[in-house]
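One structure below.
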Amino acid sequence: MVGVDRFKEIEIEAMTWRRYLHENPELDYRVNDTAAFVAEKLASFGINHIECGIAETGVVALIQGQLGDGPTIGLRADMDALPILEASGKPWTSKRSGQMHACGHDGHTAMLLGAAKYLAATRNFKGSVALIFQPAEEDGRGGQRMVQEGIMDRFGISQVFGMHNWPGMEVGTFGICEGSIFAALDEFDIVVKGRGGHAAAPHLTIDPVVVAAQIILGLQTLVSRNTDPTESLVISVTKLNAGQAYNIIPERAEIAGTVRTLSPILRDFAEKQIEACAENIARASGAKVEFQHRRLEPLTVNHPDQTRRATEVARALVGHSSVNPKVKPSLGSEDFAYMLEARPGACILLGNGSTAALHNPTYDFNDEALPYGIGYWVNLAEAALAP
Ligand code: NI
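Next comes the structure, spelled out in structure tokens:
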């Protein structure tokens, strides 16, 4: 086990990288400068197998161990920022107005670079470590595209690991759970078709506004009355559009929203029942509905063996009681899910202290977390690839 204090020097360097990346955020696939920065650093560590331009701007690099042949494990960081106007007030505030690292992907990138530097210098493992730097996590497509472009097969990756910083968890602590750690993300659109007319003669119309209102309340009872209270289902109606005048009952009303679930069964249930609920309520009033449901991101499911490995490594690093092996899953989504669909692996949460929440304009990655993230990656690689 390599203790956290072994990363003091790398930690200082990683902090300067992190703050540089924070000052220069880039969005979705357009992380060109970030990817160039990553590739240049990797080359400076003496890594000679670096491939750029995967999923447009993704980077994968291979470090070969010096302890003989063995499997390849993937360690993944995301590089993209968010379209948010920064209000952190930090000296390293974004120089690109309206773009900001509000999810800490600057920290994720810096930590994986820090681990890369250490691993490339020591190579105290068998097989290889594949460093995966992905674009476009926030729109949920970068991870999927890297998998579609064949990184798992091309680099011979047999297991894959991810990490996300977590505000509200103390620095120097980790959280993980077996099974779903992030939710599946779906979206739906419901168009209620009624019959328009004069607002003073509602009996001659089929009012889609009233039907839409009933549907919205009906959807909430799917959660409160039809779902096991010990399971998680979120249905949020986030858009409602109908009509333009005070004295006209419109022809149609539109409802849209998002669904989050932590189990495939509940995900199927929600899709079926949202449609049935909307249709049946509309039918009772003589209205019709058009329904669309889109599955955007899969569940992020931690596999048992890799979760156990990740937990053991984190505990060896920070102590038994500083790792919560049954952390509450998040109803947010994470496109590392696609990598976990392709290969067994696990995603761990890293304490970011009492900072602002993710995606908040005052959020900032906590540099004090850097040595823990770097230490986790290094020890995970050495443990998973021990001779
Ligand atoms: Ni994130």
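The letter at position 293 of the sequence shown is residue 1326 when you use the numbering used here, and the numbering goes up by one with no holes. Built from N, CA and C at the ideal position, the CB exists for glycine as well.
Cα separation between N1274 and L1054?
The straight-line gap from Cα to Cα measures roughly 40 Å.
Could you name the residues of the same chain whose beta carbon sits closer than 8 Å to that of E1073, not counting the 5 residues immediately before and after it, in chain order?
Hits under 8 Å: none found.
So A1245 packs on V1267, CB below 8 Å; how close in whole Å?
At roughly 20 Å, the Cβ-Cβ gap does not stay under 8 Å, so A1245 and V1267 are not in contact.
Residues bridged to H1231 by DSSP?
DSSP, once it has assigned bridges, lists I1281 as partnering H1231.
For E1470, count the other beta carbons within 10 Å of its own beta carbon; 16 or more makes it buried, fewer makes it exposed. Which is it?
Since the displayed the chain opens at 1034 and closes at 1420, residue 1470 lies outside it and no answer follows.
Have a look at V1334 and A1217 and give me their C-alpha separation to the nearest angstrom.
So the alpha carbons of these two residues sit roughly 10 Å apart.
Is A1114 closer than 7 Å to Q1132 when the C-beta atoms are compared?
Contact flag set, yes.
Give the straight-line distance between the Cα atoms of I1248 and R1293, rounded to the nearest whole angstrom.
When rounded, the distance between both Cα atoms is 18 Å.
For the putative contact between S1213 and P1358, defined by C-beta atoms under 8 Å, what is the C-beta separation to the nearest angstrom?
That belief does not hold up - the Cβ atoms of S1213 and P1358 are roughly 15 Å apart, past 8 Å.
Should C1136 be listed as close to ligand 1, given that the test is whether its C-beta is under 6 Å from any heavy atom?
Under cutoff, so the answer is yes.
Starting from the Cα of G1147, find the closest Cα among V1193, T1049, A1347, D1066 and give me that residue.
Ranking V1193, T1049, A1347, D1066 by Cα distance to G1147 puts T1049 first.
May I ask which residues mark the beginning and end of the beta strand (DSSP E) holding H1326?
Segment 1321–1330, the beta strand (DSSP E) holding H1326.
Report yes if the CB atom of I1106 is closer than 7 Å to the CB atom of A1135, and no otherwise.
Not closer than 7 Å, so no.
If you compare alpha carbons, which of V1180, S1387, I1407 is closest to N1399?
Answer by Cα proximity: S1387.
Could you please give the first and the last residue of the uninterrupted alpha helix (DSSP H) stretch that includes A1426?
Coverage of the chain is limited to positions 1034 through 1420, which leaves residue 1426 absent and any answer about it impossible.
Is the beta carbon of I1223 closer than 7 Å to that of S1311?
What sits at residue 1311 in the sequence shown is Ala, not Ser. Yes, the Cβ-Cβ distance between A1311 and I1223 is below 7 Å.
At least one CB of chain C closer than 7 Å to the CB of T1291: is that the case?
Reference to chain C is not applicable here, since this structure consists of a single protein chain.
Anyone know if the C-beta pair for A1289 and K1272 falls short of 7 Å?
It is a contact, given that the beta carbons lie within the stated cut-off.
Can you give the beta carbon distance from K1421 to D1397, rounded, assuming they're within the 8 Å contact cut?
This structure gives no information on residue 1421, because the portion of the chain shown stretches from 1034 to 1420.
Let's see if you can read the secondary structure: which residues bound the beta strand (DSSP E) around D1368?
First-last for D1368: undefined, no H or E at that position.
I'd like the span of the beta strand (DSSP E) that includes G1352, first residue to last.
Per DSSP, G1352 belongs to no beta strand (DSSP E) and is neither H nor E.
Cβ atoms of G1175 and A1094: under 7 Å apart, would you say?
Contact: no.
Give me the Cβ distance between Y1371 and Q1177, rounded to the nearest whole Å; I'm assuming they're in contact under 8 Å.
Y1371 to Q1177, Cβ: 4 Å. Contact.
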